[in-house]
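Note that the protein sequences, when read in sequence, are chains X and R.
For the first sequence, my numbering gives the first residue as 772, with consecutive numbering after it.
For the second sequence, my numbering gives the first residue as 772, with consecutive numbering after it.
C-beta: ideal position from N, C-alpha, C; glycine also.
First comes the structure, then the notes that go with it.
Number of protein chains: 2
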Amino acid sequence: MRTMIDLGKAAKTASHFLKTVSTTVKNDALRKAASLMRQRADEILAANREDIENSKGLTAAQTDRLSLNPQRVEAMASMLEMVACLEDPVGKLIKEWTVQSGLRIRRVRVPLGVIGVIYESRPNVTADAAALCLKSGNACILRPGSESFSSSRAILALFQEALSQAGFPEGVAQMVPTPDREAVGELLKLSSYVDVIVPRGGKSLIARVQQESRIPVLAHLDGNCHVYVDRAADLEMAKKVVLNAKMRRTGICGAAEKLLVDRACAETHLKPLVQMLLEVGCEVRGDEATQAVDPRVLPAQESDWPTEYLDAVIAVKVVNGVDEAVAHIERYGSHHTDSIVTNNQAIAEKFLLNVDSAIVLHNASTQFADGGEFGMGAEIGIATGRLHARGPVGLEELTTYKNVVFGNGHIRK
Amino acid sequence: MRTMIDLGKAAKTASHFLKTVSTTVKNDALRKAASLMRQRADEILAANREDIENSKGLTAAQTDRLSLNPQRVEAMASMLEMVACLEDPVGKLIKEWTVQSGLRIRRVRVPLGVIGVIYESRPNVTADAAALCLKSGNACILRPGSESFSSSRAILALFQEALSQAGFPEGVAQMVPTPDREAVGELLKLSSYVDVIVPRGGKSLIARVQQESRIPVLAHLDGNCHVYVDRAADLEMAKKVVLNAKMRRTGICGAAEKLLVDRACAETHLKPLVQMLLEVGCEVRGDEATQAVDPRVLPAQESDWPTEYLDAVIAVKVVNGVDEAVAHIERYGSHHTDSIVTNNQAIAEKFLLNVDSAIVLHNASTQFADGGEFGMGAEIGIATGRLHARGPVGLEELTTYKNVVFGNGHIRK
């Protein structure tokens, strides 16, 4: 069996090859992979049945995420074709300038190199990650969740078959050889071969990766997102934005987990907002002022403020204007996505400047925290670290740059 | 005495303050610091004499780097004024676009946060680092080399005095409380407060920082830079570029350490290049073909190819064209700076595309690997990692970005 170091070496070699592959060749391979998945969907579905039979003790939600059907295989194939249509970031000029010595400098995008993607048991992530890495010129080593191992292997086998037909080396897209937990630890140690780790999954996975990895990680640990309803907010707009931010989908990282209401408008805005949430079945935990507006509001504890529920639960607090809202978000937030609702431009600017999150919004739902909604076409995740990429990580964020300098026999004085 | 955690907390608080300080206020503080350094140069020089008296067993070069005099203090003051004149990257728009939903997204530059700078006994780096961090809106924690501790403290005290007069909190620019070696390890563990570490110094310092740090590091370990002289190179240009790349200053990271000569022009180009280097006092180590051109050429060992000499030494190898040159550089290089000399555009493009270094040059000396030469005004170092910044790290590279999204009550479907 191949060791992780074998995989690392093959990926590094493949990454040299990928740096110079044309957009057309990459796109053709993606379209070929889509067509193979459609033709041989039965192989993927058979492997998926095997995974489902072998999986034990999964919740209904976990089983749903693990399960494939013909429509879901078609969705994967369509996604591959969609990635083929996206703009190729590799070779794009970031900026160009001429310096005093007469040298011309071009800063151009190049692939990151080798990306390790660690994810939970969602088979479609295998196709997503392989496609985004390929299009951005990166080799990838995938570590799917153990429950989806057979499905992921079947999907990747078809992807690799398409790559192989197009003349790509085998290291372009690989999977760890075994589904055991140790493979994660080994992948995180491959710092000679792997340039960046992208973990996708629950908090415990991300926390483990961030703690163990010697390789840079692009990820977010929490999405403890806030909506601040300011004194100058239109109540109807605030209701619409808060409802969408909290309830459109409660399990995504961009879902609002906290509502802050300006004391100056609490009299008019707090009760309608709280009752709207209660009426659609959202549990509301509040500070004293919030508890006072409706007996169904539960008392919020200190531990609520830093918590991401990923459920139909929200904690509500009344604050003294934008300054206290900002201070609360900076203290308890996760620097992911935070929104202000206000019709006062100066207050909005203060919030947008001072809240130091990857995404800050004015009069819009936090659920827009998504690469697709950002027009990136697709994302491999959302990053809340400070270096390299903040917010949705799409094709462009999967590249770095080099400085290409043109002279004419220039020497330095 | 204040602990490292105290420093970290003060720096984090100061970084929130710095995010919103205007360019004018930062520039005024820098100019005030310059003027204090001029007025009270004697305090800095007295502290420097103390450092020199206490230092033992330093080489002449080390003592020179440690020593200040009135001209060097004036150079520090001028540097502060120069940084005041540079463009402020904070708040700069990177790009702006409108997405299908009608949301407008602005990607704007924001400071990184808190920067830990670890350096050796060059007192002027204290002023450099503090100024660049301040201008880019970052708080800094400095850890100077122990031999220059008093000098650095005196320089920073004047800098802090200027900041304090301008109303900045004390955490904006701080220094570790003691010169012991443990302070480095403690700084590297402050991941709750410090966002990025910038080490400046010799290889052993950088290696230690890269190995121990849980905080992202912007640095380069080696500058094993190559010049490849291609078959289509003009000999006179090649001589000029090689001489400058190797000998202008041998101790800087952009100095060429290797010369690769295309076999197709070895007959005409190799001997003149080698003899030119020998005649200016450069030791030449070569492969067999190179040894054959002059008896003064020493045999190169396998260990020469990955080695950065930082001295008047070069290793020379004859290669079969650009492909072998690229392969050699990818195998032994340090992804810092590499140059090709050729008049063939297609060959140049192949080299510039395939050599995956932070800086690649065509017909120009590797010694241009410098933030000043890149028109950045100043640099805090050169980075060869793949994420965030590659090449010179100037003010812009000391920032990150946030995504600011403008809606009008937008909710996601």
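DSSP places A1027 (chain R) within a strand segment (E or B) once states are collapsed to three. In the three-state scheme derived from DSSP, where H, G and I count as helix and E and B as strand, D1033 (chain X) is classed as strand.
Partner residues in the beta bridge of L1132 (chain X), as assigned by DSSP, are X:S1110, R:V1176. Contacts with chain R at 7 Å (Cβ-Cβ) include Q1138 (chain X). Note on geometry: alpha-carbon atoms of E1028 (chain R) and T1137 (chain R) lie some 10 Å from one another. Around the beta carbon of W868 (chain X), fewer than 16 other beta carbons lie within 10 angstroms, which makes this residue exposed. Rounded to the nearest whole angstrom, the CA to CA distance from S963 (chain X) to G779 (chain X) is 8 Å.
Residues are counted here when their Cβ sits less than 8 Å from a Cβ of chain X; for the region 848–874 of chain R these are W868, V870, Q871, S872, L874, given in chain order. The alpha-carbon separation between I823 (chain R) and V943 (chain X) amounts to approximately 56 Å. Residues of the region 881–897 of chain R that bring their beta carbon within less than 8 Å of a beta carbon in chain X comprise V881, L883, G884, in sequence order.
With respect to the 7 Å criterion, I1118 (chain R) and V1093 (chain R) are classified as neighbours on the basis of their beta carbons.
Among the CB atoms of chain X, none fall inside 7 Å of the CB of T784 (chain R). Between L1048 (chain X) and V1055 (chain X), the C-beta spacing is below 7 Å.
In the three-state reduction of the DSSP assignment, T1021 (chain R) falls in the coil class. For the region 1124–1135 of chain R, the set of positions with a beta-carbon nearer than 8 Å to some beta-carbon of chain X reads L1124, N1125, D1127, S1128, A1129, I1130, V1131, L1132, H1133, N1134, A1135 in chain order.
Per DSSP, reduced to three states, the secondary structure at C1053 (chain R) is coil, with no helix or strand assignment.
Taking the CA atoms as reference points, E1167 (chain X) sits about 9 Å from E858 (chain X). Within the same chain, and ignoring the five residues on either side of A1135 (chain R) in sequence, the residues whose Cβ sits closer than 8 Å to its Cβ are V1012, S1110. DSSP places V955 (chain R) in the uninterrupted alpha helix (DSSP H) bounded by 953–959. Taking a beta-carbon distance threshold of 7 Å, T1021 (chain X) does not count as an interface residue toward chain R. Pairing T1108 (chain R) with C996 (chain R) gives a Cβ-Cβ distance under 7 Å.
Residues S786, L789, K790, V861, S907, G908, N909, L1169, T1170, T1171 of the same chain have their beta carbon placed closer than 8 Å to that of P882 (chain X), with the five preceding and five following residues left out of the count. Proximity to V1164 (chain R) across R:R1183, R:E1144, R:A817, R:K960 peaks at R:E1144, based on C-alpha coordinates. The beta carbon of D1127 (chain X) sits closer than 7 Å to the beta carbons of E1101, H1106 from its chain, once the five residues preceding and following it are set aside; these are given in chain order.
Between V1087 (chain X) and V1051 (chain X) the beta-carbon gap is near 15 Å, outside 8 Å, which marks them as no contact. Here the C-alpha atom of L874 (chain X) lies approximately 52 Å from the C-alpha atom of V844 (chain X). Below the 8 Å Cβ cutoff, chain X contributes I1182, R1183 as neighbours of N1015 (chain R), in chain order. Collapsing the DSSP output to three states places P1070 (chain X) in a strand. Per DSSP, the continuous alpha helix (DSSP H) segment holding H1099 (chain X) begins and ends at 1092–1103.
Residue environment for V796 (chain R): exposed (fewer than 16 other C-beta atoms within 10 angstroms of its C-beta).
Within the region 1059–1090 of chain R, not one residue has a Cβ closer than 8 Å to any Cβ of chain X. When secondary structure is reduced to three states using DSSP, T949 (chain X) falls in the coil class, being assigned neither helix nor strand. Note on N1179 (chain R): under 16 other CB atoms within 10 angstroms of its CB, so exposed under the neighbour-count rule.
Here A781 (chain X) has E941, G942, Q945 as same chain residues with Cβ atoms under 7 Å from its own Cβ, once five neighbours each way along the sequence are excluded. With respect to F930 (chain R), A901 (chain R) sits close: the two C-beta atoms are nearer than 7 Å. Contact note: K1011 (chain X) reaches chain R through G1180, I1182, using a C-beta cutoff of 8 Å and chain order.
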